[in-house]
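Protein chains: 2
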Amino acid sequence: MFPGERVPISSLSSSIDVKARREAMEKLRQKFLELLKKVLNGEEPKMIIPKRTLSNTIYDKERKLLLLGSETFERNFLDMREARKFMQTVLMASIIYEALVNNEYPTIRDLYYRGKHTIRYRDHRGRVEEENTWDEQRESDAVLRDIEVYVGLLREDMLILSKEKGKVVGDMRIRSGDDVIDLSKMGHGAYAIEPTPDLIEFIDVNAEFVLVVEKDAVFQQLHRAGFWKKYKAILVTSAGQPDRATRRFVRRLNEELGLPVYILTDADPYGWYIYSVFKIGSITLSYESERLATPKAKFLGVSMTDIFGDPETGKKPYLTEAERKNFIIKAKKTDIKRAQELMNYEWFKTPKWMKEIDLFLKKQSKLEIEALTGKGLRFLMDTYLPTKIETQDFID
Amino acid sequence: MFPGERVPISSLSSSIDVKARREAMEKLRQKFLELLKKVLNGEEPKMIIPKRTLSNTIYDKERKLLLLGSETFERNFLDMREARKFMQTVLMASIIYEALVNNEYPTIRDLYYRGKHTIRYRDHRGRVEEENTWDEQRESDAVLRDIEVYVGLLREDMLILSKEKGKVVGDMRIRSGDDVIDLSKMGHGAYAIEPTPDLIEFIDVNAEFVLVVEKDAVFQQLHRAGFWKKYKAILVTSAGQPDRATRRFVRRLNEELGLPVYILTDADPYGWYIYSVFKIGSITLSYESERLATPKAKFLGVSMTDIFGDPETGKKPYLTEAERKNFIIKAKKTDIKRAQELMNYEWFKTPKWMKEIDLFLKKQSKLEIEALTGKGLRFLMDTYLPTKIETQDFID
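This is how it looks when you write it as C-alpha cells:
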C-alpha cells in the first residue's frame, strides 16, 4: 500500500517542504502501520475517529473557540455497513502518502480525481458487480476530514494545497520556502499568502496591530495611501470569506507576535459572519478551529452604532443624517434571517452584539465600508480607523 | 468646479503615483477647460464622445482586436434630453479630479457613493422638485466609461483602484512604487499584481514564455513544484475571469518583453471565454482592448483533441479510455448554449477552433485541469505542458 521513496526529493522544492513532507509521511505511516499490525495479529482492523458531528462540536467559553468534543466512533473493516467507508479512508490515505513520497502537491480536487475509479468484483453468487470508489467530491472531502482528525494532521501539514486569496503588507520580514521576504517592499502590489502558512517563519516585525479588511479594494486603497506605514499596522485582506490560510496566518500574527487583531467588514450579517469565522471558526469544520481561529480578534466595524450613534453611551454617529440617507442600503429578507440566526450563536450572546443586532433589526439597514471611503479615503484612514482603535470602540 | 491643490501630496505615496497623478490631473483639466471656455465664449457646452455601442464595436482582423469604431455622439447641455447625462458627466469628472488633487485612491464604488445625492430645485412653475444624481452604480459606471473615452484615459491612469486577483512568480525583477521586487524570491507565496500595472517598470527578465493558469490552485501547485524555474517561465494566474490589471500585465509581458503567452484553462466554453477575454477583450468594454488585450496569446489547453485525440492529424490523446471514463464531466445545457454562441464570434471562426467546438458539441464532454493533475502533478508539469509547448500544439 505504501511504496518506498522511489523518486528523489526534487531540488526544485524548498528545504522547508522537504522537511514538512518527511514529518507528514512519518505520522501517516505510523498511524496506518498500527492498522496493518492489527491485521497481521489477526485482530479486527478498525479506526477510532473523533466525531465531526454538530452534537460533538462544543463552544469552549474559556478559550472562546469551537472545538471537537471527546466523542469518537469506530470504523470497522469487518462491519458490512462500514466496509465501504473504511476502504475509502485507506484509499485516501494511500493517495496522500504516495503524493508525499512523489514530491507532489495535490489539491482536494486532485485527491478526488486520483481516487475516483470503478471497482469490479464478483458477489457471493459469482455475479460481476461494479462499485465506484466515490462519485462526488463531497464524499472524498469527508474522507479527507476523517483522516485529518484520525491522524491529527491538517491537510496543509500533508502539503495538500488550495487556492488562496489572502494578501498582506506591513513592516515585517518573513521566511517562506528558502526566501526571505520583506513585506514592506511590495511596491503597489502585495504579498499573496501561501497555502501552508505554518511553514512561514516570522523573522522580525515592527508593527502595533493587525488590521484585517474584508474587501480587497479597500485594502488596495489603504495600502496605497500608506496606512500601514503611518499607523504601524500589518494590513491583511481576506478578499471576502476568509480561506484557511488567511485565518491561520492571522492567528499566528496574534498568538506568536502578540499583535491585536482588528477586523473591518461591511455593516451587515455577512460581514459579522466573516468576523465570526476569523474569531471562532466555522461550525462544520470545528476541528480546525484550534489552529485556525483567533479568539482574541475584535470587530472594529463598521458597526450599527457607528452609523446611528448610541444614546445610551452618548456615542455620536460617524455619518450625518444626509449621508445616512445617501449611503444606507435597505436590508434584504435574507439579511434579516441571517441576523436572527446569528443571535442564537453562543458567541454573539454578549450585550454589545445584542445591541448591534437589535439595532440592525430595528433599522433594517446595512452599510458598505465603501460608504466611508465615499466620505473620503482620508476620513477612513485618518479619522474613523484611528479613533475606533484609540477609543477601543470595538466589539469583542 | 476644480479646486486647486489644497492638500500637499503626501510623502506616504510613491513617487510614481505622484507623477501619474499630475499627468491625469493635467489631461482632465485640459479637456474640461475646453468646455468651460465654450461657456465663457457664449457657445453651447457640448462633449463629443466616442460611441460605446455594439454597432460601433469592430473586430480588427489585422490587429486581432476588438476596437471602438469612429462613430461619436454629442452630449449637449442645452438639450433637455441630454442635460442630466451632461451634468452627471461633469459631476463625475469633478469627483475624480478632486480625488486626484487630494491624493486619494477611489474605487468605482466610492465614486458612486461620492456622487450620490439628491438635488432639490424649483421647476418653471416654482414647485420644489427632487432629483437624484444617480441611483445605481450601473449609472455611475457608465458615466465613468464616457469619461474614459472622452478624455482618453483609462480609470487606472486616474488612480482609480479596484480589487485585484492576479498573481505572478518568475525569474524577473520589477519596480513598483518606490520598491524593486524580485519575483523569483516570493517563497511559497506569490506577488499580487497591483491595480495599476502601467506604473510597473520591468527591470530585467530571464524567461522564455508566460504561462497563464486560470485556476489559482493549479498555479500554487506548479509554483511549488518549481515549474517556472525548470522551464524558464513567468507563471501568472488570473484566479478565474481575469480582471483588468491581470490582462494589462500579461499584455505588457508579451508586447514589451516579447514573451509568448500561453493560456491554460479547463476544457469547457467558460475556459475558452477566459482565453478570449485575454486575447481579444470583452465586447462590452471594447475601448479598453487596445491596451488590455493580448492578440498574440495562444490557447495551450486543455483542448478537446488533448482529451480525445485527433484522427485527422494522428494526434494521440493524453487520456486513456479509463481516465476519460473517470475524469470527464458531462456538459450542461448552459455549456452547450455558450459554445454555440462562441461559434458566432469572428475570432473563433478558425479551422482549429471550429474543430474544437464541434468536438465539444459532439461529445458533450468537458474536463477540468485538475483531471490532469489527477494523473500526477509530474504528468502536467513534465509531460503535458512541455510537450504541448515544444510541439506548438496550441490554438491561435
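These protein sequence lines are chains A and B, in that order. 185 is the number that the working numbering gives to position 101 of the first sequence; each next residue is one higher, with no gaps. 267 is the number that the working numbering gives to position 183 of the second sequence; each next residue is one higher, with no gaps. Glycine is no exception: its CB is placed at the ideal position from the N, C-alpha and C atoms.
- A Cβ-Cβ separation of about 5 angstroms places V253 of chain B in contact with L319 of chain B under the 8 angstroms criterion.
- Cβ-Cβ distances below 6 angstroms link T389 of chain A to K399 in the same chain, with the five nearest sequence neighbours on each side left out; the list follows chain order.
- Where N160 of chain B is concerned, the enclosing beta strand (DSSP E) starts and stops at 156-160.
- The residues M256, L341, in chain order, have a CB closer than 6 angstroms to that of V289 of chain B in the same chain once the five nearest residues on each side in sequence are set aside.
- One Cα belongs to R211 of chain B, the other to I203 of chain B, and the distance between them is close to 14 angstroms.
- Positions of the alpha helix (DSSP H) runs, each at least 4 residues long and wholly inside the segment 354-396 of chain B, are given as 370-376, 388-392 in order along the chain.
- Against H201 of chain B, the close residues of chain A are N410, in the order they occur along the chain (beta-carbon pairs closer than 7 angstroms).
- By the rule that beta-carbons nearer than 9 angstroms mark a contact, S366 of chain B does not touch chain A.
- Put simply, of A:A323, A:T378, A:I100, A:R332 the residue whose alpha carbon is nearest the alpha carbon of T349 of chain A is A:A323.
- For the set A:L464, A:Y234, A:V233, A:R105, the Cα lying nearest the Cα of E182 of chain A is the one of A:R105.
- DSSP places M131 of chain B inside the beta strand (DSSP E), whose first and last residues are 130-134.
- Closest in alpha carbon position to K115 of chain A, among A:G393, A:Q448, A:V235, A:T457, is A:V235.
- Beta bridge pairing from DSSP links V289 of chain B with B:M256.
- Here E372 of chain A is buried, its C-beta having at least 16 other C-beta atoms within 10 Å.
- With the criterion set as a beta carbon lying under 8 angstroms from some beta carbon of chain B, the members of the segment 435-457 of chain A are E452, E454, A455, T457, in sequence order.
- Counting along the chain, R206 of chain B sits inside the beta strand (DSSP E) bounded by residues 202-206.
- Remark: C-beta atoms of D327 of chain B and K450 of chain B do not approach each other more closely than 9 angstroms.
- Contact annotation: in the segment 193-223 of chain B, residues whose CB is within less than 7 angstroms of a CB in chain A are R193, D194, Y197, R198, K200, H201.
- A straight-line Cα-Cα distance of about 16 angstroms links Y357 of chain B and V334 of chain B.
- For the set B:S260, B:L195, B:D144, B:L237, the Cα lying nearest the Cα of E223 of chain B is the one of B:L195.
- Here D352 of chain A is not near D394 of chain A, since their CB atoms are 9 angstroms or more apart.
- Nearest CB-CB separation between Y275 of chain B and chain A: below the 9 angstroms threshold.
- Put simply, the backbone Cα of E214 of chain B is about 51 angstroms away from that of A381 of chain B.
- By the neighbour-count definition (other C-beta atoms within 10 Å, threshold 16), E285 of chain A is an exposed residue.
- Q172 of chain A is outside the set of residues whose beta carbon lies under 9 angstroms from a beta carbon in chain B.
- None of the residues of the segment 102-126 of chain B has a beta carbon lying less than 7 angstroms from any beta carbon of chain A.
- With distances taken between CA atoms, I258 of chain A lies nearest to A:I277 out of A:I277, A:M242, A:I244.
- For A291 of chain A, no CB of chain B lies under 9 angstroms from its own CB, so it is not counted at the interface with that chain.
- The beta carbon of K135 of chain A is closer than 8 angstroms to those of L152, G153, E155, T156, F157 in its chain, skipping five residues each way along the sequence.
- By a beta-carbon distance limit of 8 angstroms, T217 of chain B contacts Q172 of chain B. Their separation comes to about 7 angstroms.
- Nearest neighbour of E292 of chain A by Cα position, chosen from A:V302, A:F311, A:A455, A:Y315, turns out to be A:Y315.
- Per the DSSP secondary-structure output, V294 of chain A pairs in a beta bridge with A:I318, A:V345.
- About 7 angstroms separates the Cβ atoms of I441 of chain A and L426 of chain A, confirming a contact at the 8 angstroms cut-off.
- The straight-line gap separating the alpha-carbon atoms of T378 of chain B and W437 of chain B is approximately 18 angstroms.
- The contact set of S322 of chain B on chain A, defined by CB atoms closer than 7 angstroms, is empty, because the minimum CB distance reaches about 12 angstroms.
- Separation of the CB atoms of L245 of chain A and Q424 of chain B is rounded to 36 angstroms, and the pair is thereby denied contact status at 8 angstroms.
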